[in-house]
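Notes follow the structure.
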Amino acid sequence: DEQEQKLEKSLNTVLLGKGSKLDSLGLVNLIVSVEQNIIDTLGFGGGIYVKNSKNIVIDNVDILFNTGKKGGGITCVSDPEFSADNDGQIILNDVLIYGNASNRGAGIYTNYSNIHIFNSSIDSNTTTIDSVGAGIYCDNNSNLYLDNVDITNNINSSGLYIHKSSPILNSLTISGNDRHGVEFDNINNSVEIKLDSSEIFNNGYFERGNGILCKNNSNPNLSNLDIFLNRESGIRCENSSPYIQSSTIRD
Numbered sequence: 006d007e008q009e010q011k012l013e014k015s016l017n018t019v020l021l022g023k024g025s026k027l028d029s030l031g032l033v034n035l036i037v038s039v040e041q042n043i044i045d046t047l048g049f050g051g052g053i054y055v056k057n058s059k060n061i062v063i064d065n066v067d068i069l070f071n072t073g074k075k076g077g078g079i080t081c082v083s084d085p086e087f088s089a090d091n092d093g094q095i096i097l098n099d100v101l102i103y104g105n106a107s108n109r110g111a112g113i114y115t116n117y118s119n120i121h122i123f124n125s126s127i128d129s130n131t132t133t134i135d136s137v138g139a140g141i142y143c144d145n146n147s148n149l150y151l152d153n154v155d156i157t158n159n160i161n162s163s164g165l166y167i168h169k170s171s172p173i174l175n176s177l178t179i180s181g182n183d184r185h186g187v188e189f190d191n192i193n194n195s196v197e198i199k200l201d202s203s204e205i206f207n208n209g210y211f212e213r214g215n216g217i218l219c220k221n222n223s224n225p226n227l228s229n230l231d232i233f234l235n236r237e238s239g240i241r242c243e244n245s246s247p248y249i250q251s252s253t254i255r256d
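Each position in the sequence shown, counted from 1, maps to that position plus 5 in the working numbering.
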């Protein structure tokens, strides 16, 4: 069996980028500190960069105030040929991804990767204006699984952007994001795409967004949702046919 790689904290591990500060009273026990601007030519992964890797667990870690061109907080990428043979996973549990910045995927950027996230918060991350995926940008045949995750208050674009990928999304709170709460764009309709048992509210107030946007032949299964107080529509469909069931859509 391959040995699992694990990054964890016993009390409070923090990955810190430029401009971050520790509590003056010393309440934060800093184990890992990263103060960096992206200086390599690719500019990926301000806080954590993972490429062509598997069996990685990131548990009980804070990732704060990092900057990168793609993936301010975390970048997970694989070459297509590696992804096709990769049965492993990148697992995040009890992770706070806060205050990171990038051109896209300010919190998390994933490309040809399998990433599972549990019991975590992706909050107040910032993309450039007119970009996408301030919280999470899931791209190119990535398998994204979210369970009990808050995607909130992300700035200048959507909380969660799914492009040509296969997400399973369960028990989410998606709120206060500047544009759309969730944006499905040309997703992989050959497998079942689910968004289930989630609250989606108060999105789009700065960028005239929707709770959920389905576009370019995106046909997810939307069930058991409570969608309310989003600036434009609760669900907007553009050349797409989502299946909507057992949900409440209200002002």
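The C-beta atom is built at its ideal place from N, Cα and C for all residues, glycine as well.
Roughly how far, in whole angstroms, is the beta-carbon of residue i from the beta-carbon of residue j, given that I think they are within contact range, below 8 Å?
| i | j | result |
| --- | --- | --- |
| K74 | S107 | 6 Å |
| T131 | N161 | 6 Å |
| G104 | G76 | Not confirmed; about 14 Å, so no contact. |
| R236 | R255 | With a Cβ gap of about 14 Å, R236 and R255 do not count as contacting. |
| N244 | N215 | Wrong, their Cβ atoms sit about 15 Å apart, outside the cutoff. |
Short check: CB of residue i to CB of residue j, under 9 Å?
| i | j | result |
| --- | --- | --- |
| F211 | L234 | no |
| I102 | D128 | yes |
| S228 | I249 | yes |
| V82 | V55 | yes |
| T258 | S125 | The shown model of the chain, from 6 to 256, leaves out residue 258, and the question about it has no answer. |
| P225 | N146 | no |
| N153 | L177 | yes |
| I122 | T80 | no |
| S171 | V196 | yes |
Quick check on residue i: does DSSP put it in helix, strand or coil?
| i | result |
| --- | --- |
| E197 | coil |
| F87 | helix |
| T46 | Any reading at T46 must be qualified, since the residue scores a pLDDT of 33, below 50, and its modelled position is unreliable; the value itself is stated next. Of the three classes helix, strand and coil, the one that applies to T46 here is coil, per DSSP. |
| E243 | strand |
| F70 | coil |
| N235 | coil |
| S38 | Because S38 sits at a pLDDT of 33, beneath the cut-off of 50, its placement in the model cannot be relied upon, and the following sentence gives the value as read from the coordinates. DSSP places S38 in coil when its eight states are reduced to three. |
| Y117 | coil |
| V62 | strand |
| A111 | coil |
| K26 | With a pLDDT of only 41 at K26, under 50, the local geometry of the prediction cannot be trusted, and the value read off the model is given with reservation. Looking at K26 - three-state DSSP - the assignment turns out to be coil, as it is neither helix nor strand. |
| Q94 | coil |
| N124 | strand |
| G31 | With a pLDDT of 32 at G31, under the threshold of 50, the modelled position of that residue is not reliable, and the figure given next carries that caveat. If DSSP states are grouped into helix, strand and coil, G31 belongs with coil. |
| V257 | A question about residue 257 goes unanswered here, because the residues of the chain that appear run from 6 up to 256. |
| L16 | With a pLDDT of 47 at L16, under the threshold of 50, the modelled position of this residue cannot be trusted; read the value that follows with caution. Here L16 sits in strand by DSSP. |
May I ask whether a heavy atom of the ligand ADP can be found less than 8 Å away from the beta carbon of residue i?
| i | result |
| --- | --- |
| S176 | As far as ligands go, the structure on display features none, and thus does not contain the ligand ADP. |
Enumerated in chain order, which unbroken segments of the beta strand (DSSP E) with a length of 3 residues or greater are wholly contained in the region 128 to 191?
-> 141 to 144, 148 to 157, 165 to 168, 171 to 180 and 187 to 190
3-residue-minimum beta strand (DSSP E) runs that sit fully inside the region 200 to 230, ordered along the chain = 217 to 220
Check whether the region 184 to 202 touches the region 165 to 174, taking contact to mean three or more Cβ pairs, one atom from each stretch, closer than 8 Å.
-> yes
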